[in-house]
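In the numbering used here, the protein residues as written are 1 to 567.
Beta carbons are placed, not taken as given, at the ideal position from N, Cα and C, and that holds for glycine.
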Amino acid sequence: MTRRCALWLVALAASLWASAALAQGEMRVALVVGNGAYQHAEPLRNPVNDARAMAKALRDSGFEVILRENATRRVMTDALREFSGKLVPGGVGLFFYAGHGVQVRGLNYLVPIDAALSGEDELKYETIDVNDVLLRLDEARARLSLVILDACRDNPFARRFRSTARGLAQTDAPRGTVIAYATAPGESAADGDGENGLYTTELLKAMVVPGLKIEEVFKRTLDGVARTSGNKQIPWVSSSFRGDFVFKAAAVAAQPALPSPAAPPSSAAPPSSAAPQDAVEQTTWVAIANSDNPAVFEVFLQRFPNGVYAEFARARLEQLKAAEARRAAAGTARADPAAEEAKRKADAEDAKRRSAAVEDDRKNHETVEAALKLADIDRRRVQAALTAKGFDTLGTDGAFGPRTRQMIANWQRSRNESPSGFLTAAQAALLSRDGEVVLAKLEDDRRKAEAERQKATPPAPPPPPPQVAAPPAAAPPTTTRVTLPVTANSNSQCDRSVSYGIEVYPDRFRIRFSTGWQDFSVSSDGSFGGAASPRTNVNLQVKGNTRGRFISVTNVGNLGCTWAGTY
1 MTRRCALWLV ALAASLWASA ALAQGEMRVA LVVGNGAYQH AEPLRNPVND
51 ARAMAKALRD SGFEVILREN ATRRVMTDAL REFSGKLVPG GVGLFFYAGH
101 GVQVRGLNYL VPIDAALSGE DELKYETIDV NDVLLRLDEA RARLSLVILD
151 ACRDNPFARR FRSTARGLAQ TDAPRGTVIA YATAPGESAA DGDGENGLYT
201 TELLKAMVVP GLKIEEVFKR TLDGVARTSG NKQIPWVSSS FRGDFVFKAA
251 AVAAQPALPS PAAPPSSAAP PSSAAPQDAV EQTTWVAIAN SDNPAVFEVF
301 LQRFPNGVYA EFARARLEQL KAAEARRAAA GTARADPAAE EAKRKADAED
351 AKRRSAAVED DRKNHETVEA ALKLADIDRR RVQAALTAKG FDTLGTDGAF
401 GPRTRQMIAN WQRSRNESPS GFLTAAQAAL LSRDGEVVLA KLEDDRRKAE
451 AERQKATPPA PPPPPPQVAA PPAAAPPTTT RVTLPVTANS NSQCDRSVSY
501 GIEVYPDRFR IRFSTGWQDF SVSSDGSFGG AASPRTNVNL QVKGNTRGRF
551 ISVTNVGNLG CTWAGTY
């Protein structure tokens with residue numbers, strides 16, 4: 001009977017496996033990163049193995065997997081971009097990281113293998129902020145966003161930072177998100193001595209159990225890690241996911257009638273000749289996991305008394321028998337459909353009330369902040385103060401987007417206050433006051449830097465003096481020699497003509513006598529004239545006009561001669 005039941009269960013599992021896999025019916029995308037070969041920090045042995053094992057398990061669970069091993073920051077950034085591009089609304093997005101991670105001022109950072117950190121101010125340029133991963137998942141509006149961080153090892157850069165802490169900081173899970181840590185916030189986890197890290201090893205064991213809900217996966221992981229580590233390492237989960245999710249779906253089918261216990265044993269070969277024992281057990285378990293028939297689990301335990309799923313089968317068997325006993329005591333063999341429907345409605349109403357209460361609480365906080373009517377400068381001061389305290393808002397633009405809200409919540413949590421992400425009047429006043437100082441210092445630093453820059457820059461040469469137009473060059477004189485005939489002769493001793501060298505300028509007229517040149521001023525109408533004594537006892541009267549080009553010379557002595565003409 002035992003062998004025949006087992007073979008029947010194997011056949012059933014094989015026929016149902018494909019339909020069980022297709023029942024998942026949702027787009028599942030995963031980015032898996034394992035960093036161990038660090039260039040500027042202590043290398044880690046297990047992360048790459050962890051990433052490979054996780055990638056295989058996720059592919060077996062219907063995920064499209066993007067795997068990156070020993071990734072630089074550029075590779076991680078490109079992989080995140082590819083990952084977010086594949087996410088779809090209503091699907092499932094999973095991010096798994098194994099490697100070094102650091103916590104600074106309440107924020108968590110994942111460390112690429114090429115990160116060269118000498119101080120906190122380099123974190124945003126050398127690492128990956130976990131909040132950036134969460135923002136990408138949130139923007140995709142997936143049904144479930146799952147972030148698994150096996151990155152709680154001791155900070156290899158602790159001596160270089162002013163405000164570091166052990167392990168990773170707890171981050172509130174955004175809507176529809178589960179964040180799983182290898183150990184509790186503020187604690188560190190060992191890399192492990194085996195092929196895989198302790199946390200990933202236990203997580204993989206739980207993930208492959210068909211039909212196991214996500215909350216049970218992490219509960220079993222916690223139990224396994226705590227037990228193996230002697231309670232030195234306790235995994236941690238932050239969740240806002242209210243739906244159902246399983247990594248491996250259990251087959252669902254109508255329960256066929258069991259073979260008669262009195263039926264003769266089958267002559268078929270034992271299962272072990274066709275497949276390894278563990279594979280037969282797993283396939284059989286897939287077929288019966290959701291059964292409500294206690295006899296099925298009794299047969300399973302007879303066939304696999306010490307198998308991997310034996311404890312689960314015993315627990316399910318006890319559960320079914322206890323339920324059967326309760327039904328018998330109540331005098332009914334099956335549940336009352338009306339009661340089940342009433343319970344379902346009551347549970348739905350309760351969930352609706354809880355959701356409404358959460359939404360009302362959020363709206364109350366939002367209303368309180370809205371009533372403050374914060375000006376743009378106050379919002380910028382709040383962002384500056386948060387960034388100065390280590391809660392980087394990635395800018396001071398005065399807009400309170402998802403990043404700023406997350407940083408407000410992280411700051412509130414660091415003060416043991418309700419992490420609503422919205423400000424009370426006291427919180428806004430405190431941050432605005434601190435931010436005013438920060439912005440003033442930033443402006444002062446900017447001015448000093450500008451002054452230093454100007455000091456280092458050589459002064460510009462003075463502008464050249466204005467060009468003064470040179471006075472126009474004097475027109476060259478008209479130089480010639482003129483011969484003047486005698487025109488008035490009161491004495492026969494007068495020469496018939498005289499000859500002089502002349503130069504004509506715009507403002508003067510020059511005549512060259514035997515003793516040298518003599519100048520005569522030219523008036524505005526061109527006339528000139530005056531006395532001349534070229535030698536002793538010779539007195540001449542000169543007159544003329546440059547416009548008419550006329551000249552006359554008169555000997556005013558005893559001779560009374562006049563010579564005149566044009567030139």
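How big is the Cα-Cα spacing for residue i and residue j?
i      : j      : result
Arg143 : Lys455 : 58 Å
Pro235 : Pro89  : 29 Å
Ser497 : Ala564 : 9 Å
Thr228 : Arg433 : 50 Å
Glu126 : Leu430 : 31 Å
Asn545 : Pro464 : 47 Å
Asn555 : Pro466 : 55 Å
Ala21  : Ala323 : A caution first: Ala21 carries a pLDDT of 39, below 50, which makes its placement in the model unreliable, though a value can still be read off. Approximately 29 Å, taken between the alpha carbons.
Arg344 : Pro337 : 10 Å
Ala348 : Arg381 : 44 Å
Asp525 : Thr487 : 25 Å
Asn293 : Glu341 : 22 Å
Val252 : Gly194 : With a pLDDT of 49 at Val252, under the threshold of 50, the modelled position of that residue is not reliable, and the figure given next carries that caveat. Going from the Cα of Val252 to the Cα of Gly194 covers about 37 Å.
Gln302 : Ile128 : 52 Å
Ile214 : Ala330 : 33 Å
Val308 : Glu281 : 8 Å
Ile603 : Glu298 : Given that the chain is displayed from residue 1 to residue 567, the structure contains no residue 603 and the question cannot be resolved.
Lys389 : Gly395 : 14 Å
Glu318 : Phe241 : 30 Å
Gly176 : Ser238 : 11 Å
Phe218 : Ala206 : 8 Å
Glu120 : Thr393 : 15 Å
Evaluate residue i with the Cβ neighbour count: other Cβ atoms within 10 Å of its Cβ, from every protein chain shown; 16 or more gives buried, anything less gives exposed.
i      : result
Glu202 : buried
Pro264 : Note that Pro264 scores 36 on pLDDT, short of 50, meaning its location in the model is unreliable; the coordinates nonetheless yield the value given after this. Pro264 comes out exposed.
Arg446 : exposed
Asn364 : exposed
Trp517 : exposed
Glu369 : buried
Ser145 : buried
Glu311 : exposed
Look up residue i in the DSSP assignment and give the residues it is bridged to.
i      : result
Asp519 : Arg510
Tyr109 : Val102 and Asp129
Asp150 : Ala98
Phe550 : Asn545 and Thr566
Ser574 : The shown model of the chain, from 1 to 567, leaves out residue 574, and the question about it has no answer.
Asn555 : Leu540
Leu134 : Note: Leu134 sits in no beta bridge, so no partner.
Ala488 : Thr562
Ser524 : Partner(s): none; Ser524 has no beta bridge.
Trp236 : Tyr181
Val504 : Thr478 and Phe509
Ser145 : Gly93 and Thr177
Determine whether the beta carbon atoms of residue i and residue j lie at a separation below 7 Å.
i      : j      : result
Glu503 : Thr479 : yes
Arg81  : Val75  : no
Ala98  : Pro47  : yes
Thr515 : Pro534 : yes
Leu222 : Ala53  : no
Asn416 : Phe391 : no
Pro43  : Gly36  : yes
Ala151 : Pro112 : no
Val246 : Gly211 : yes
Arg28  : Val133 : no
Leu96  : Val32  : Here residue 96 is Phe; the residue named in the question, Leu, does not match the sequence. For Phe96 and Val32, yes; Cβs fall inside 7 Å.
Met407 : Leu439 : no
Gly435 : Ala384 : yes
Could you spell out the range, first to last residue, of the beta strand (DSSP E) harbouring residue i?
i      : result
Tyr181 : Thr177 to Tyr181
Leu198 : No beta strand (DSSP E) holds Leu198; the alpha helix (DSSP H) holding it covers Leu198 to Met207.
Pro534 : Ser527 to Arg535
Ile66  : Glu64 to Glu69
Gly34  : Arg28 to Gly34
Since residue i is in the alpha helix (DSSP H), which residue starts that stretch and which ends it?
i      : result
Pro294 : Pro294 to Arg303
Ser229 : Ile214 to Ser229
Lys321 : Ala310 to Ala329
Leu58  : Pro47 to Asp60
Val382 : Asp376 to Ala388
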